[in-house]
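Numbering-wise (the numbering used here), the sequence shown opens with residue 153 and increments by one.
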Amino acid sequence: MDAAQKRRLRSAVLGWYDKHGRKLPWRESADPYRIWLSEIMLQQTTVAAVVPYFERFVSRFPDVNSLAAAPVDDVLKLWEGLGYYSRARNLHKAAQILVADYAGQFPTDVGELQLLPGIGRYTAGAIASFAFDQPAAIVEANTERLYARLLALQEDVRSTASQKLLWQFAEDLVPTKRPGDFNQALMDIGAKICRPQDPCCDQCPLINSCGAFQSGLQQQVPVRKARTAITAVNELGVILYSDERFLLRRRSQAERWAGMWDFVRFEIEQSDVLLLPFTQLHRESKRPPDSVAEESIAIPERARRKSKSLFSATGEQLPESLQKKVRQQSNCEARRVLASMEFSYAVTRYKVRLLCFVCETADAVSESTEEQAWFTLADLASLPLSATGRRIAKWLDGQVLP
């Protein structure tokens with residue numbers, strides 16, 4: 153693409169943006185805090201899902217100083233349901249660094265921005281161009297697809313060579329005037345017109361510059377490797393109950409949903425499933441899981457409604473092989489089963505069947521620690537839980553337990 157073609161492309165992009173650009177709450181100003189927050193939230197998450205979270209977050213934490221001063225549990229609680237919780241932890245860490253080392257001000261340099269936790273090359277470019285009008289390139293899902301089609305790239309877009317090519321192309325295209333608007337325009341064109349399937353080529357301002365369209369390849373580009381096969385797994389959730397309290401543990405840094413509170417939970421084999429007391433096991437939701445992240449699954453209405461206890465005092469217990477795993481995680485003994493249910497969810501490449509049992513424990517309610525604590529049902533409402541943990545808590549609210 154020669155210089156004249158680039159000028160025409162930039163003019164077409166900005167002209168389209170002035171008429172059709174999306175109105176989004178984080179675009180109301182060039183505040184780097186709001187831009188940074190929105191970009192972190194938008195990682196692996198749709199705009200529609202992010203908007204209400206963004207508005208609640210900036211209402212609670214309007215600036216980097218208020219975020220840095222907050223307990224991390226408050227940040228995680230506000231993030232609950234948005235998923236990929238390492239984003240929230242890194243957001244909090246970065247806020248504290250900005251306050252301690254930068255007097256609460258964001259650096260304007262792309263390289264320096266990338267020194268902050270959770271900020272990679274794309275996010276740094278977005279902050280630099282959107283907030284500081286720096287001619288910084290961006291490559292994310294929408295622009296990656298758009299660039300690949302402009303170039304008629306027929307190689308896997310995620311390969312090292314393709315990524316190098318796409319970033320170089322982005323750097324060559326970004327103008328010195330209105331670079332932030334230009335980058336946001338490309339993202340909007342990618343989201344609204346240059347869609348993954350069935351792109352609206354007749355509405356695209358770049359149709360005359362698009363190599364894929366000229367070659368009839370817009371449905372084949374971008375090329376991606378086949379998705380990793382979905383793996384089915386079984387999990388056992390054990391809700392230990394004593395003196396009207398439930399035992400929860402804080403998930404370690406090595407686990408998924410690190411830092412979140414959760415009930416005792418671990419993966420089990422299919423042979424273990426066959427040993428469980430299934431006499432009256434209730435399936436909470438028959439909706440099949442899909443490939444989205446676990447935290448993006450909404451709690452079904454049926455999970456919010458009250459229901460009768462599903463197990464009477466049957467005296468059934470978990471098999472000893474699973475009792476041992478419960479003790480390893482909690483140092484408590486799971487006794488009589490009081491209630492049970494199951495549901496399915498999906499996270500990354502796993503389709504998970506989660507079997508939950510509320511069990512009495514003879515162990516006295518002990519003093520809380522940073523890693524493990526007993527909570528009343530009312531307490532659970534204020535704890536940061538994963539979406540599956542919240543579904544369990546909603547279900548517990550409908551149980552009649554002794």
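The beta-carbon is built from N, C-alpha and C at its ideal position, and this holds for glycine as well.
Straight-line measurement puts the Cα of residue 205 at about 10 Å from the Cα of residue 199.
Distance from the CA atom of residue 407 to the CA atom of residue 280, rounded to whole angstroms, is 33 Å.
Runs of the alpha helix (DSSP H) spanning 4 or more residues and lying entirely within the stretch 164–244 occur at 184–194, 199–212, 216–221 and 224–231, in chain order. Per the coordinates, the alpha-carbon of residue 196 lies some 13 Å from the alpha-carbon of residue 275. For residue 387, the secondary structure class from DSSP, reduced to helix, strand or coil, is strand. The criterion of a C-beta distance shorter than 8 Å is satisfied by residue 370 and residue 351. In the DSSP assignment, residue 524 forms a beta bridge with 401. Note: residue 350 is not bridge-paired with any residue in the DSSP secondary-structure output. Residue environment for residue 411: buried (at least 16 other C-beta atoms within 10 angstroms of its C-beta). As the crow flies, the alpha-carbon of residue 322 is around 44 Å from that of residue 534. The residue from 286, 301 and 522 with its alpha-carbon nearest to that of residue 367 is 301. Judged by DSSP secondary structure, residue 339 falls within the alpha helix (DSSP H) whose first and last residues are 331–344. When DSSP states are grouped into helix, strand and coil, residue 246 belongs to the helix group. When C-beta atoms of the stretch 294–313 are compared with those of the stretch 335–349, three or more pairs fall below 8 Å, so the two segments count as touching. Note: residue 153 is not bridge-paired with any residue in the DSSP secondary-structure output. Excluding sequence positions up to five before and after residue 167, its CB lies within less than 8 Å of the CB of 357, all in the same chain and listed in chain order. When only Cα atoms are considered, residue 524 and residue 402 end up about 6 Å apart.
For residue 220, the closest C-alpha among the options 161, 256 and 208 is that of 256. Bridge pairing for residue 503: 384 and 498 [DSSP]. In terms of CA proximity to residue 531, 399 leads the group 399, 333 and 181. Three or more beta-carbon pairs separated by less than 8 Å link the stretch 470–478 to the stretch 486–500, which places the two stretches in contact. Going by DSSP, residue 420 is part of the beta strand (DSSP E) stretching over 416–420. When secondary structure is reduced to three states using DSSP, residue 395 falls in the coil class, being assigned neither helix nor strand.
Note on geometry: alpha-carbon atoms of residue 543 and residue 405 lie some 23 Å from one another. The DSSP-derived three-state label of residue 308 is strand. Three or more beta-carbon pairs drawn from the stretch 537–551 and the stretch 221–236 are found closer than 8 Å, and the two stretches are therefore classed as touching.
Assigned with DSSP and collapsed to three states, residue 512 falls in strand.
For residue 188 and residue 545, the gap between their C-alpha atoms comes out near 32 Å. Looking at the backbone, the Cα of residue 428 and that of residue 480 are separated by about 19 Å. Three or more Cβ pairs closer than 8 Å define a contact, and the stretch 492–504 meets that threshold against the stretch 380–399.
Closest in C-alpha terms to residue 175, from the list 493, 158, 153 and 203, comes 203. Distance from the CA atom of residue 315 to the CA atom of residue 291, rounded to whole angstroms, is 9 Å. Counting other Cβ atoms within 10 Å of its Cβ, residue 254 stays below 16 and is therefore classed as exposed. Only residues of its own chain outside the window of five on either side were considered, and among them 230 have a CB closer than 8 Å to the CB of residue 208, listed in chain order. When the five nearest sequence neighbours on each side are left out, the beta carbons in the same chain lying within less than 7 Å of the beta carbon of residue 259 are those of 265, in order along the chain.
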